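See structure below.
There are 2 protein chains.
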Amino acid sequence: MAVPPHHPPAATENRLLESAGEVFAEKGFRAATIRDIIRRAKANVAAVNYHYGDKQGLYTAVFRYARKCCEEQFPVDADAGSTPLEQLHVFVRSLLRRILDHGRPAWHWQLMAREMMEPSAALDEMVEQSIRREFAIIAGIVENITRLPPHDPRIRLCASSVIGQVLFYRHAQAVVHRLHPEQEFARKDLDALAIHITDFSAAALEAIAKRQPAKPNGRRRNGPREKNA
Amino acid sequence: MAVPPHHPPAATENRLLESAGEVFAEKGFRAATIRDIIRRAKANVAAVNYHYGDKQGLYTAVFRYARKCCEEQFPVDADAGSTPLEQLHVFVRSLLRRILDHGRPAWHWQLMAREMMEPSAALDEMVEQSIRREFAIIAGIVENITRLPPHDPRIRLCASSVIGQVLFYRHAQAVVHRLHPEQEFARKDLDALAIHITDFSAAALEAIAKRQPAKPNGRRRNGPREKNA
DNA sequence: AACAGTTTAAAACGCATGTTTGAAAAGTCA
DNA sequence: TGACTTTTCAAACATGCGTTTTAAACTGTT
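Chains as they are written, first to last, in my numbering: chain B, 403 to 631; chain V, 403 to 631.
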């Protein structure tokens, strides 16, 4: 009773989650070995099965832990920014930081990217508990900028265009490194990237907005467009 | 004896490459098992080591095979399209088809996506022998549309924005399926996607073209640089 | 038919991995 | 302290894997 409760014991589980996150992100579920994980966590080989049942149990636990950490560190404030264009900028910049910033445990979004490409049950949970809500946020911003009617399918396409530009730097990071070694990913570089993506997208969205009130049933052709303004 | 009449000779290597492509794309290098591959190829377990030395050798052979097939089926014609905007459209549409069309062995770009996320020596070869050249093509198109000076870093950013929009539907395909089940990926859907991405990007690029290639920060002046209509 | 070179087949080897076990250690509470 | 639970540990187990080995089957040539 004179002992501080819970300090050492709960530490093992946390060390396991952190180490497992690293290893799963680096190697993938299958290639990651329990012995590698427990070596980094300075734990015994039986610890995984004791605390999480089996390797799969550890994996899903890591996934929930990752989502929790990510939400704590980068809370999505849908109302940040006064104008829709500012909201777009804030959204893009925070998403970029979230998936590329090297500050905190850097493996969260590498795990996410793996799940996106090779979906397991963890992806369904992720979609329903995070991604759907965040996609609705960017869709709302797009709707405000373009003034498209609320369920116009072009809103979904435009939101995907914005997100695609951002995710490119996560999913194709290895290619970018080889193709353009001068591109760095420090905080200031990320902010510069965010400005570009915001400008690029804003111009596209505003062009749609300008087309919008003219004709409710406009013909869209992709040929050489007339200059506007 | 009493064996059924045997294989068309030397087809074994091809069957191995096809099966290995499937399995590597589905499971990744580590999780793919030789026994799974040779079962699909109706070959013996020793065939891999006989023809390709070891598992790694088979993997690199599959990669070269994939690139060869891809180039044969979707040759890049840099000059397709008369105007820069049409060139953009052709580029986007052919890239979309290449990474998502279900016609031919569908695992090529799934493999590529895996390599992008978890690079090995195969990625270096791929970057030097395909990607660099194709990125130069889209960069040239962007340069023509924006009229930016040839080495302006914004060209690289804009080209990445275009490619990012396309690759999104490969790398995040599983998320798209869960988020928007109505989005399909038949040939006509891909063409519609291509039109959207082209329009979106063209609007953004033309907005840049209208701005003076001066200060990165802030004020844009409608200069006297009104080129063609 | 007989030979030599190439390809395929079945079985086994060695090793790494996920998991289990049984006991020791640490912690908890009377 | 002493009973009881929770956690840690070292060792072993069982299995699946990549690889090797040895021999059989097939090919083409003489």
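C-beta atoms are modelled at their ideal positions from N, C-alpha and C, and glycine is treated no differently.
For clarity, every value in this text was computed on a predicted model and none was experimentally measured.
Asked                                                                                                                         : Found
Straight-line Cα distance separating ARG442/V from GLY430/B                                                                   : 24 Å
Complete runs of the alpha helix (DSSP H) confined to the segment 405-471 of chain V [at least 4 residues]                    : 413-429, 436-442 and 448-454
Continuous alpha helix (DSSP H) stretch holding PHE537/V: start and end                                                       : 534-548
Cα-Cα separation between LEU490/B and GLU530/V, rounded to whole angstroms                                                    : 35 Å
Contact set between the segment 509-528 of chain B and chain V, restricted to residues whose Cβ is under 9 Å from the partner : GLN512, ALA515, ARG516, GLU517, MET518, MET519, GLU520, PRO521, LEU525, ASP526 and MET528
Alpha carbon of GLN585/V to alpha carbon of VAL578/V, nearest angstrom                                                        : 8 Å
Any C-beta of chain V under 9 Å from that of ILE543/B                                                                         : no
Backbone CA spacing between LEU581/B and TYR571/V [nearest angstrom]                                                          : 21 Å
Closest by C-alpha distance to ALA594/V, when choosing among LEU607/V, PRO507/V, GLU517/V and ARG499/V                        : ARG499/V
Reference ARG589/B, options GLY459/B, ILE501/B and HIS553/B, closest by Cα                                                    : ILE501/B
Cross-chain neighbours of CYS560/V in chain B, by beta carbon under 9 Å                                                       : HIS598 and PHE602
Cβ-Cβ distance between GLN567/V and SER532/V below 9 Å                                                                        : no
Beta carbon of TYR452/B nearer than 9 Å to that of ALA422/B                                                                   : no
Proximity winner among LEU559/V, ARG417/V and GLU424/V, relative to ALA508/V (alpha-carbon distances)                         : GLU424/V
7 Å CB neighbourhood of PHE426/B in its chain, flanking five on each side removed                                             : ALA434, TYR461, VAL464 and LEU513
Distance cut-off 8 Å: GLU517/B Cβ against heavy atoms of the ligand MN                                                        : Because no ligand of any kind appears in the structure shown, any question about the ligand MN cannot be addressed here.
Closest by C-alpha distance to PHE537/V, when choosing among MET518/V, ILE557/V and LEU550/V                                  : ILE557/V
Beta-carbon neighbours of ALA468/V, restricted to chain B and to distances below 9 Å                                          : Correct list: empty, because the minimum Cβ distance to chain B is about 16 Å.
Distance CB(LYS457/B)-CB(ILE436/B) smaller than 9 Å                                                                           : yes
From ARG549/V, GLU488/V, ALA611/V and VAL450/V, residue whose alpha carbon lies closest to that of GLU415/V                   : VAL450/V
Helix, strand or coil at PHE493/V [DSSP, three-state]                                                                         : helix
Proximity below 9 Å, CB of THR548/B to CB of ILE610/B                                                                         : yes
Endpoints, the alpha helix (DSSP H) within which ALA508/B is located                                                          : No alpha helix (DSSP H) contains ALA508/B, which DSSP labels as neither H nor E.
Within chain V, partners of GLN567/B - CB distance below 7 Å                                                                  : SER563, GLY566 and GLN567
Within 9 Å, strictly: CB atoms of LEU550/B and GLN614/B                                                                       : yes
Chain V contact for SER421/B (CB, 9 Å cutoff)                                                                                 : no
Per-residue DSSP class, three states only, for GLN585/V                                                                       : coil
Under 9 Å by beta carbon: chain B residues contacting ALA445/V                                                                : Per Cβ cutoff of 9 Å: no residues; ALA445/V is ~23 Å from chain B at best.
Buried versus exposed, by CB contacts within 10 Å (16 or more), GLU488/B                                                      : exposed
Start-to-end residues for the alpha helix (DSSP H) that takes in GLN567/B                                                     : 555-573
Proximal residues to HIS510/V (C-beta, below 6 Å), its chain only, five neighbours per side dropped                           : ALA468 and CYS472
Contact list for ILE533/B against chain V, beta-carbon separation under 7 Å                                                   : VAL577 and LEU581
Where ALA404/V falls, given that 16 or more other Cβ within 10 Å makes a residue buried                                       : The pLDDT assigned to ALA404/V is 31, lower than 50, so where the model puts this residue is not dependable, and the model offers no usable value.
Local Cβ density within 10 Å of PRO583/V, reported as buried at 16 or more and exposed below that                             : exposed
Length of the line joining the Cα atoms of PHE587/V and ASP526/B                                                              : 20 Å
CB-CB length for HIS353/B against MET518/V, believed under 8 Å                                                                : Since the displayed chain B opens at 403 and closes at 631, residue 353/B lies outside it and no answer follows.
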